[in-house]
Amino acid sequence: MKNQIKGLNTICTHFGQLEDKEFKGAVSPLYMGTAYAFEDIDVKRYPRYFNTPNQVALAKKIAALEHAEAALIFGSGMAAISTSLLAFLRAGDHVVIQKIIYGGTYNLVVEEFEKFGISYSFTDGFSADDFEAKIQKNTKAIYIETPSNPLLNITDLEAIASISKKHGLVSMIDNTFASPVNQNPIDFGIDVVIHSATKYMGGHSDICAGAVASTEAYIKRILGLAKNFGGSLSDYTVWLLERSIKTMGIRVRAQNANAQHMAEYLYAHKDISAVYYPGLPSHPNHDVAEKQMKGFGGMLSFELNADLDASYFQKSLKLIKPAMSLAGVESTVLSPTLTSHSLLSAEERKRQGIADGLIRFSVGIEETEDLIADIEQALEKVRKEKEVAI
392 MKNQIKGLNT
402 ICTHFGQLED
412 KEFKGAVSPL
422 YMGTAYAFED
432 IDVKRYPRYF
442 NTPNQVALAK
452 KIAALEHAEA
462 ALIFGSGMAA
472 ISTSLLAFLR
482 AGDHVVIQKI
492 IYGGTYNLVV
502 EEFEKFGISY
512 SFTDGFSADD
522 FEAKIQKNTK
532 AIYIETPSNP
542 LLNITDLEAI
552 ASISKKHGLV
562 SMIDNTFASP
572 VNQNPIDFGI
582 DVVIHSATKY
592 MGGHSDICAG
602 AVASTEAYIK
612 RILGLAKNFG
622 GSLSDYTVWL
632 LERSIKTMGI
642 RVRAQNANAQ
652 HMAEYLYAHK
662 DISAVYYPGL
672 PSHPNHDVAE
682 KQMKGFGGML
692 SFELNADLDA
702 SYFQKSLKLI
712 KPAMSLAGVE
722 STVLSPTLTS
732 HSLLSAEERK
742 RQGIADGLIR
752 FSVGIEETED
762 LIADIEQALE
772 KVRKEKEVAI
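Just so you know, we're using our numbering here: the sequence shown kicks off at 392 and counts up by one.
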């Protein structure tokens, strides 16, 4: 069946599903058991071993979507990230990490790695030279995130893969913002692909999960640590995630189109001072994004003019929800300084270019005219509030 299925939506819908042999239902049956037989069987199944029927089936679907040999499903994106990094790093090792990454990943590195005797270097920029300049004799891995959270920086996948191979390093990427719909890093030579499956794979703001895709050998290595860390996902949530992925291709492509429209609208708006979106020709790495992405994604960030209150603007929205997390079918906004990057110091946020007034915009599947109308009425309230204050 694997060789017969090529289309994205077909893989999302059919690949890796379980057959209901008893009742012939159209969807995968759900196996809720946590106790399985151990005698006279080939596989000893247990949820913490990542090998229950639903876990195995969904892992096959995610591997197919990322053009990988194998995959694992985790209880959260951070469980996937931490387990994957520590599977390849030991005391005395060094890792090169992209300058701007998800705040949770940054916090993991700066607060926990020293306890494990692992050293690290953050790059000064996003070019291949920036990464290669940080490589040391004991470097074992390079970790990137593209597009990055929250400024949508773009890192050249092919260049990172080339540097990694040149120095014998494992290349790792957080591919959450792109999703498998828009970007398949393995095709460009990246070794390990990680997702917060809470986001575009889940897509409905009701699932917390993580995923990793790679070669069978690397997944086996990650699995060895994963069993000990215990970051597995319940079978009911696995089943819900498989259901959600069925519509991922349709959802994400609709979000791509909406985000492009909204980015162009915001870029031309007199009340907006900056827009960060790789689909805009003004983006500094637009050409790289065009080379490695099939779509530019549903995420963008923007800044209001300095004299406008970003917090009051978000509170004034009626349709777009101020909410943590991202990638649901509904449009949401948040302030990275108060949420995803709140654990970073004000100085570190400034170094990374994350302004206090920055607004991250996760564009949903609504009609763009409705989203624009909501933003306009909120801006009008902000302008009037400013006049009253004066």
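C-beta: ideal position from N, C-alpha, C; glycine also.
- Put simply, the backbone Cα of residue 534 is about 30 Å away from that of residue 630.
- Just so you know, the alpha carbons of residue 547 and residue 671 end up roughly 17 Å apart.
- Assignment of beta strand (DSSP E) within the stretch 448–488, counting only whole runs of 3 or more residues, yields 461–465 and 485–488 in chain order.
- When secondary structure is reduced to three states using DSSP, residue 518 falls in the coil class, being assigned neither helix nor strand.
- Nearest Cα to residue 507 within the set 520, 478, 516 and 491: 478.
- Per the DSSP secondary-structure output, residue 583 pairs in a beta bridge with 563.
- Contact between residue 647 and residue 593 fails: their C-beta atoms lie close to 17 Å from each other, not under 8 Å.
- Straight-line measurement puts the Cα of residue 770 at about 9 Å from the Cα of residue 701.
- Between residue 467 and residue 601, the CB-CB gap stays under 7 Å.
- Annotation: the stretch 576–639 contains the following complete segments of the alpha helix (DSSP H) (minimum length 4 residues), in chain order: 607–620 and 626–636.
- Judged by DSSP secondary structure, residue 695 falls within the beta strand (DSSP E) whose first and last residues are 690–695.
- Closest in alpha carbon position to residue 513, among 560, 415 and 487, is 487.
- If the five residues before and after residue 567 are omitted, its C-beta is found closer than 6 Å to the C-beta atoms of 586, 587 and 590, all from its own chain and listed in chain order.
- Residue 703: not part of any beta strand (DSSP E); member of the alpha helix (DSSP H) spanning 701–707, first to last residue.
- Taken through DSSP and simplified to helix, strand or coil, residue 754 comes out as coil.
- When the beta-carbon positions are compared, residue 441 and residue 623 come within less than 7 Å of each other.
- According to DSSP, residue 723 shares a beta bridge with 712 and 753.
- Residues 640 and 641 of the same chain have their beta carbon placed closer than 8 Å to that of residue 400, with the five preceding and five following residues left out of the count.
- Straight-line measurement puts the Cα of residue 411 at about 22 Å from the Cα of residue 454.
- Note that the C-beta distance between residue 751 and residue 692 is below 7 Å.
- Within the same chain, Cβ atoms closer than 8 Å to the Cβ of residue 474 are found at 465, 603, 613, 616, 617, 620 and 622, the five residues on either side in sequence being excluded.
- Only exposed fits residue 418, as fewer than 16 other CB atoms lie within 10 angstroms of its CB.
- Around the beta carbon of residue 490, 16 or more other beta carbons lie within 10 angstroms, which makes this residue buried.
- Its chain contains 536 as the residues whose beta carbon lies nearer than 6 Å to that of residue 492, once the 5 sequence neighbours on both sides are disregarded; these appear in chain order.
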